[in-house]
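Adding 188 to a residue's 1-based position in the sequence shown gives its number in my numbering.
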Amino acid sequence: MRVAVLSGKGGTGKTLVAVNLAAVAPTHALYIDCDVEEPNGHLFFKPENVQKT
C-alpha cells in the first residue's frame, strides 16, 4: 500500500500525520520528507529508530 499526505497550504499538520502513520504501520514503512523548505520530519523520530542505508 502507498500513502501520500499532501496539501498546498503550510501548517496543516501534514508532517505530523505522515510521521504518525509511518510509526503505527503494521509493517515496515518508508518515510520520505519531500518538503524542500522545512524538511523536519526526522525530528519526530528517535535517533535509535532511524536506520541509515
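Note that the Cβ used here is the ideal one computed from N, Cα and C, for glycine as well.
Under 8 Å Cβ to Cβ from G199, same chain only, skipping five residues before and after it: list those, please.
So no residue of the chain qualifies.
Fully enclosed by the segment 190-214, which alpha helix (DSSP H) runs are 4 residues long or longer?
DSSP runs (the alpha helix (DSSP H)) wholly in the segment 190-214: 202-211.
Taking V196 as the reference, which of C222, G229, F233 and K234 has the closest Cα?
Looking at the sequence itself, residue 196 is Gly, so the reference to Val does not match. Among C222, G229, F233 and K234, the Cα nearest to that of G196 is on C222.
Take E225 as the anchor and find which of L209, T203, F233 and T215 has the nearest alpha-carbon.
Of L209, T203, F233 and T215, the residue nearest in Cα terms is T203.
Tell me which residues share the same chain as A138 and place their Cβ nearer than 6 Å to its Cβ, disregarding the 5 neighbours each side in the sequence.
Any question about residue 138 goes unanswered here, given that the chain covers just 189 to 241.
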